[in-house]
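Engineer:
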Amino acid sequence: MPELPEVETIARGVHQRLQGDCITEAWFSSHKEPFKTPPGVQASGLEGCRILAVHRTGKHIVCELKAAEDPTAQAQSAPAQSAQAQSAPAQSAQANKPTAQWIVHLGMTGRLLVTTPDGPVAPHTHARLTMTSGREVRFVDPRRFGRLEFRDLATEAPFTGPGSEPFTITTEEFVALFRGRKLAIKAALLNQTLLHGVGNIYADESLFRAGIRPRRMAGRLKRAELLSLHAALLLVLQHAIELGGSSVSDYVDADGVRGFFQLEHRVYLRTGQPCLECGSPIRRLLVAGRGTHYCPVCQR
Numbered sequence: 001m002p003e004l005p006e007v008e009t010i011a012r013g014v015h016q017r018l019q020g021d022c023i024t025e026a027w028f029s030s031h032k033e034p035f036k037t038p039p040g041v042q043a044s045g046l047e048g049c050r051i052l053a054v055h056r057t058g059k060h061i062v063c064e065l066k067a068a069e070d071p072t073a074q075a076q077s078a079p080a081q082s083a084q085a086q087s088a089p090a091q092s093a094q095a096n097k098p099t100a101q102w103i104v105h106l107g108m109t110g111r112l113l114v115t116t117p118d119g120p121v122a123p124h125t126h127a128r129l130t131m132t133s134g135r136e137v138r139f140v141d142p143r144r145f146g147r148l149e150f151r152d153l154a155t156e157a158p159f160t161g162p163g164s165e166p167f168t169i170t171t172e173e174f175v176a177l178f179r180g181r182k183l184a185i186k187a188a189l190l191n192q193t194l195l196h197g198v199g200n201i202y203a204d205e206s207l208f209r210a211g212i213r214p215r216r217m218a219g220r221l222k223r224a225e226l227l228s229l230h231a232a233l234l235l236v237l238q239h240a241i242e243l244g245g246s247s248v249s250d251y252v253d254a255d256g257v258r259g260f261f262q263l264e265h266r267v268y269l270r271t272g273q274p275c276l277e278c279g280s281p282i283r284r285l286l287v288a289g290r291g292t293h294y295c296p297v298c299q300r
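So the sequence shown is numbered by this note's numbering: it starts at 1 and just counts up by one.
Right, here's the structure in full:
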C-alpha cells in the first residue's frame with residue numbers, strides 16, 4: 001500500500017500539473033467497490049469545478065475544489081457588491097475558498113495518473129476526469145481496495161484524516177502519543193488513529209535508524225528512545241519524499257514513474273541479507289499481522 005512519501009509525491013505531482021484547471025467531464029466505472037460516494041453524485045459534483053489545490057492528508061490525496069459560480073446568483077449579488085464593495089484581499093480569499101473536496105485513497109494497488117486523452121487506457125481504470133487543459137486524470141486500481149469520495153463542504157465537514165500528522169506533531173506530542181500504550185511500538189506506528197500516513201516500510205526503516213526493536217512495548221520506551229524515533233521517522237519520510245517514494249510493488253507517481261527510496265532500504269524486505277551497519281543477517285517476524293524486518297544486533 002502506498003504510504004506517506006508515495007502519496008505526498010503523487011499529490012505534489014497532480015497539484016503541479018492541474019492547479020487552476022477545471023473539470024469538464026467525469027466518468028466512472030460500474031464497479032461499486034472504489035466508490036465511497038456514489039459515482040453519479042461524484043460526477044455531478046465534480047463537473048464544472050476548478051482545482052484550487054491538491055495535497056496529502058495521511059494516506060489520502062485531497063483535491064480542494066471550487067464549484068462553478070451560478071450566473072443567476074452572481075447577477076443577484078451584483079447590486080449589493082456595488083453598493084458595498086469588498087476589499088481586494090477579501091475577494092481573493094472568497095475566490096480561493098474551497099466549496100468541495102475530492103478525496104482519493106489509493107488502497108493497495110491504486111494509481112492516480114495525469115495523462116492525455118489519447119494515452120492508452122489501462123485495465124482496471126475506474127475514473128477519468130477530463131480537464132479544460134486537455135489533460136485527463138485517471139484512477140486505476142486492479143484490486144479495487146482504493147476509495148473515491150466527494151464532499152460538498154456546504155453540508156459536510158472538510159476531510160482531516162484519522163490521526164496526527166507526522167510532519168506537524170511536536171516532539172512532546174509524539175512522546176505523549178505512545179505513553180501507556182500496551183502494544184508493540186511497530187503496531188502503534190501502524191495505527192492510523194494515532195499517527196496517520198506511516199505504514200510497514202517506513203515503520204521498519206525508522207525503528208532501525210532509532211535502534212529500537214519492533215516488538216518492544218510502546219508504553220515502556222524511554223523518553224530518549226521516543227525522541228530518537230521521532231527524529232528518525234521525520235528523516236526517513238523526508239528523504240523518501242525527495243527520492244519519489246519506494247517502488248516495491250505497483251507504486252508509480254502521477255506521471256507513471258517509479259520511485260527510488262527502495263534503494264535506500266536498510267531492513268525492509270532484506271530478510272537474511274547482512275545488516276548494512278553490523279553485518280548480522282536481517283530477521284523477519286510478524287507484528288500486528290504484518291511482516292516486520294529488523295537487525296537483532298543494531299536494534300534493542
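Where is the CB? At the ideal position from N, CA and C, for every residue including glycine.
#1: Under 8 Å, Cβ to Cβ, is there at least one residue of chain B near residue 236?
#2: I need the straight-line Cα distance from residue 5 to residue 68, nearest angstrom please.
#3: Counting C-beta neighbours from all protein chains within 10 Å, is the total for residue 173 16 or more, i.e. buried, or is it exposed?
#4: Find out if the Cβ-Cβ distance for the pair residue 11, residue 65 is shorter than 8 Å.
#5: State the DSSP-derived secondary structure class of residue 223, mapped to helix, strand or coil.
#6: Could you have a look at residue 277 and say whether DSSP puts it in helix, strand or coil?
#7: Just verifying my parser: in three-state terms, what is the DSSP assignment at residue 32?
#8: Can you give the beta carbon distance from residue 146 to residue 110, rounded, assuming they're within the 8 Å contact cut?
#9: Quickly, what does DSSP pair residue 139 with across the bridge? List them, please.
#10: What's the C-alpha gap between residue 178 and residue 194?
#11: Considering only C-alpha positions, which residue in the set 239, 255, 153 and 260 is nearest to residue 246?
#12: With C-beta atoms as the reference, is residue 18 less than 8 Å away from residue 51?
#13: Only counting the same chain, and skipping five residues up and downstream in sequence, which positions put a Cβ closer than 7 Å to that of residue 124?
#14: Here's a check: name, in chain order, each residue in its chain whose Cβ is nearer than 6 Å to the Cβ of residue 281, leaving out the five neighbours to either side.
#15: Could you check what DSSP says for residue 160 in three-state terms: helix, strand or coil?
#16: Could you tell me if residue 31 is buried or exposed, where buried requires 16 or more neighbouring beta carbons within 10 angstroms of its beta carbon?
#17: So, using beta-carbon positions, are residue 144 and residue 175 closer together than 8 Å?
#18: By the three-class DSSP mapping on this structure, what secondary structure does residue 204 have?
#19: Below 8 Å between beta carbons: does that hold for residue 132 and residue 25?
#20: For residue 76, count neighbouring Cβ atoms within 10 angstroms of its own Cβ and tell me buried if that reaches 16, exposed if not.
#21: Which full runs of the beta strand (DSSP E) of 3+ residues lie inside the stretch 36-67, going along the chain?
#22: Could you round the C-beta distance between residue 46 and residue 150 to whole angstroms and report it? I think they count as a contact, below 8 Å.
#23: State the DSSP-derived secondary structure class of residue 212, mapped to helix, strand or coil.
Structural biologist: This is what the structure holds:
#1: The structure shown contains no chain B, having only a single protein chain.
#2: Translated into the one-based positions of the sequence shown, residue 5 becomes position 5. Translated into the one-based positions of the sequence shown, residue 68 becomes position 68. Distance between the alpha carbons of residue 5 and residue 68: 32 Å.
#3: Numbered from 1 along the sequence shown, position 173 holds the residue referred to as residue 173. Exposed: under 16 other Cβ atoms inside 10 Å.
#4: In the sequence shown, residue 11 corresponds to position 11, counting from 1. In the sequence shown, residue 65 corresponds to position 65, counting from 1. No, Cβ-Cβ distance for residue 11 and residue 65 is not below 8 Å.
#5: If you number the sequence shown from 1, residue 223 lands on position 223. Helix, per DSSP.
#6: Here residue 277 refers to the residue found at position 277 when the sequence shown is read from its first residue. Reduced to three states, the DSSP call for residue 277 is coil.
#7: Here residue 32 refers to the residue found at position 32 of the sequence shown. Residue 32 carries a coil assignment under DSSP once its states are collapsed to helix, strand and coil.
#8: As a first step, residue 146 must be located in the sequence shown, where it is residue number 146. As a first step, residue 110 must be located in the sequence shown, where it is residue number 110. Residue 146 to residue 110, Cβ: 3 Å. Contact.
#9: Numbered from its first residue, the sequence shown carries residue 139 at position 139. Answer is 112 and 127.
#10: Taking the first residue of the sequence shown as position 1, residue 178 is located at position 178. Taking the first residue of the sequence shown as position 1, residue 194 is located at position 194. Each residue's Cα considered, the two are about 9 Å apart.
#11: Locating residue 246 in the sequence shown gives position 246, counting from the first residue. That would be 260, whose Cα lies nearest to the Cα of residue 246.
#12: For this step, residue 18 is matched to residue 18 along the sequence shown. For this step, residue 51 is matched to residue 51 along the sequence shown. The Cβ atoms of residue 18 and residue 51 sit closer than 8 Å to each other.
#13: On the sequence shown, position 124 is the one that residue 124 refers to. The beta carbon of residue 124 is closer than 7 Å to those of 140, 141 and 142 in its chain, skipping five residues each way along the sequence.
#14: For the purposes of this step, residue 281 is identified with residue 281 of the sequence shown, where counting begins at 1. For residue 281, where only same-chain residues beyond five positions count, the Cβ hits under 6 Å are 272.
#15: Within the sequence shown, residue 160 is the residue found at index 160, counting from 1. Residue 160 falls in the coil class under three-state DSSP.
#16: Numbered from its first residue, the sequence shown carries residue 31 at position 31. That one is exposed.
#17: The residue labelled residue 144 in the question sits at position 144 within the sequence shown. The residue labelled residue 175 in the question sits at position 175 within the sequence shown. Their beta carbons are not under 8 Å apart, which means residue 144 does not touch residue 175 by this criterion.
#18: Position 204 of the sequence shown, counted from the first residue, corresponds to residue 204. Three-state result, residue 204: helix.
#19: Numbered from its first residue, the sequence shown carries residue 132 at position 132. Numbered from its first residue, the sequence shown carries residue 25 at position 25. No, Cβ-Cβ distance for residue 132 and residue 25 is not below 8 Å.
#20: Here residue 76 is taken as the residue at index 76 of the sequence shown, counted from 1. Any answer about residue 76 is weak, because its pLDDT of 42 lies below 50 and its placement is not dependable; what the coordinates show is given next. Classification for residue 76: exposed.
#21: 50-57 and 60-66
#22: The residue you call residue 46 lines up with position 46 of the sequence shown. The residue you call residue 150 lines up with position 150 of the sequence shown. Rounded, the Cβ-Cβ distance is 7 Å, consistent with contact.
#23: Translated into the one-based positions of the sequence shown, residue 212 becomes position 212. It is coil, neither helix nor strand.
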